[in-house]
Amino acid sequence: IMNRNDTPARIAHVFSGTFVHSTPRAAVEILQNCVLGVDDKGKIAFIEKHQDVVSLSEIWGFETSDIRQLGQYEFLMPGMVDTHIHASQYSYAGTALDLPLLEWLNTYTFPVEAKYKDLDFANDVYTKVVRRTLKNGTTTACYFATIHTDASLLLGELADRFGQRALVGKVCMDYNSAYPNVKPVVTPRFAPSCSSSLLSELGEIANNNKLHVQSHISENKEEVELVKTLFPGCKSYTDVYLKHNLLTDRTVMAHGCHLTDEELEIFRETGSAVSHCPNSNISICSGMLNVRNVLNHNVKLGLGTDVAGGYSPSMLDAMRRTLDTSKALTIQDPQHKTLSFEEVFRLATLGGSEALSLDDQIGNFVVGKDFDALRVNVCVPDGPIDLFPGEGDDRNITEVYMAGRRVVPFPDT
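Residue numbering for the sequence shown follows the UniProt record's numbering, starting at 1 and increasing by one per position.
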């Protein structure tokens with residue numbers, strides 16, 4: 001249990017009940033009969049045992065009648081972090097999964113992304129993807145947009161309007177001052193679509209301005225071979241990004257299915273992260289990432305939906321597919337240590353915040369961090385599960401908070 005701050009602030013919310021989160025030491029920590037306070041800046045002010053509630057109310061200046069009591073079958077958990085999602089591909093999620101990566105891009109993706117020069121089209125899709133992912137419990141999303149500056153700016157505006165924390169690329173340098181919870185991210189699509197000079201320029205921009213970087217790496221074997229022919233002077237796919245100064249402690253690379261141990265060592269040394277996108281990896285037959293091996297190399301790792309290579313915009317789906325992939329690897333090799341659901345819960349929350357270098361702000365219930373949280377009710381009326389050990393879905397998420405602001409249910413619903 002964390003201690004309260006020395007300097008009290010005005011308290012905006014107080015919750016009492018069960019809180020579930022991850023720490024670096026515990027994949028899942030369950031805090032029962034606790035009380036958590038959120039200040040008027042949206043930060044966690046205290047989290048203490050409920051028996052101290054009277055003294056807490058005196059210290060922090062709130063009324064015990066203001067406490068929001070979680071029900072018997074409710075708990076609060078940190079908001080989930082989607083470390084890799086293509087907002088621009090949401091309109092065809094669940095379709096067009098019959099081709100491998102490079103053909104898939106040329107046949108389906110590039111023609112759709114060309115439509116984003118039309119801001120009405122962009123507004124329709126981007127509004128839907130932000131609302132859907134928020135309802136699904138994604139409080140932070142690392143978005144790929146398109147080459148269109150105005151549409152990319154619009155995605156940032158919509159994320160801010162609906163209350164989602166976001167990294168948005170294409171890079172637009174005025175994001176920093178426009179929306180405090182929306183940041184730019186330098187976004188080379190992937191090495192095969194970029195010249196060496198472009199990669200160098202993007203690396204320079206990222207380092208000079210301390211910006212995040214996102215791209216793809218070693219998604220399928222055909223792509224890895226193509227990179228070898230396009231960059232013959234580089235030792236590996238990872239070496240391409242390393243040589244162009246794009247591997248930093250603010251970098252997240254999607255997929256990594258075919259990274260070697262030597263490449264993972266470079267990730268560890270640079271502080272770069274991997275975004276595991278298991279739905280996509282299976283859906284377009286790219287490969288299966290050995291997450292256990294990545295973690296054993298002490299490389300930061302989060303989960304991503306990778307819409308629309310992945311057919312679901314739900315991080316719960318990403319968690320389930322992560323377990324499926326790990327179990328498939330165990331079937332292939334009984335010596336493989338299967339991931340536990342507790343470990344996957346951490347990857348979807350604290351792990352994602354680490355992958356995006358936001359773990360000083362979000363990821364778990366620690367005093368001083370922003371209150372990004374989901375209120376979960378496993379017994380919601382007309383919900384998808386009956387009340388005995390079972391599995392929930394997005395309909396169990398009844399409220400979503402970002403930086404202390406309740407963003408779901410939406411104000412217009």
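Quick reminder that beta carbons are idealized off the backbone N, C-alpha and C, glycines included.
Report the CB separation of residue i from residue j in whole angstroms; it is logged as a contact under 8 Å.
i, j, result
"A122", "A93", "No, A122 and A93 are not in contact; Cβ-Cβ is about 16 Å, not under 8 Å."
"residue 420", "S272", "The chain is shown only over 1 to 413; residue 420 falls outside these bounds and no answer can be derived."
"Y73", "N293", "So it is not a contact: roughly 37 Å between Cβ atoms."
"L374", "G79", "6 Å"
"V307", "I47", "The Cβ separation is near 34 Å, so there is no contact."
Quick one: using the 10 Å Cβ neighbour count with 16 as the cut-off for buried, is residue i buried or exposed?
i, result
"E113", "buried"
"K41", "exposed"
"G61", "exposed"
"S283", "buried"
"N220", "buried"
"F19", "buried"
"P24", "exposed"
"P111", "exposed"
"L198", "exposed"
"G17", "buried"
"P411", "exposed"
"K117", "exposed"
Cβ atoms of residue j and residue i: under 8 Å apart, would you say?
i, j, result
"residue 428", "K170", "Outside the displayed span of the chain (1 to 413) sits residue 428, for which this structure offers no information."
"S357", "R268", "no"
"G37", "A45", "yes"
"F162", "V407", "yes"
"T83", "G304", "yes"
"K300", "E225", "no"
"V291", "S326", "yes"
"V129", "A96", "no"
"Y143", "L155", "yes"
"L289", "H336", "no"
"M77", "H21", "yes"
"V81", "A403", "no"
"T107", "L101", "no"
"N181", "D160", "yes"
"P184", "L202", "no"
"R165", "D39", "no"
Going by DSSP, which residues form a beta bridge with residue i?
i, result
"T138", "M80"
"L167", "C142 and K183"
"H255", "I217"
"R131", "DSSP output for R131 lists no bridge partner at all."
"R375", "L76 and E399"
(request) Give, in chain order, every unbroken run of the beta strand (DSSP E) that is at least 3 residues long and sits entirely within the region 205-243. (result) 212-217
(request) Report the residue ranges of all alpha helix (DSSP H) runs contained in full by the region 313-353; include only those spanning at least 4 residues, in chain order. (result) Entirely contained in the region 313-353, the alpha helix (DSSP H) runs reaching 4 residues are, in chain order, 315-332 and 341-346.
(request) Return the chain-ordered ranges of every beta strand (DSSP E) run that is complete within the region 2-83 and spans a minimum of 3 residues. (result) 11-21, 29-39, 44-49 and 74-78
(message) Please give me, in chain order, every unbroken run of the alpha helix (DSSP H) with length at least 4 that falls completely inside the region 284-311.
(response) 291-296
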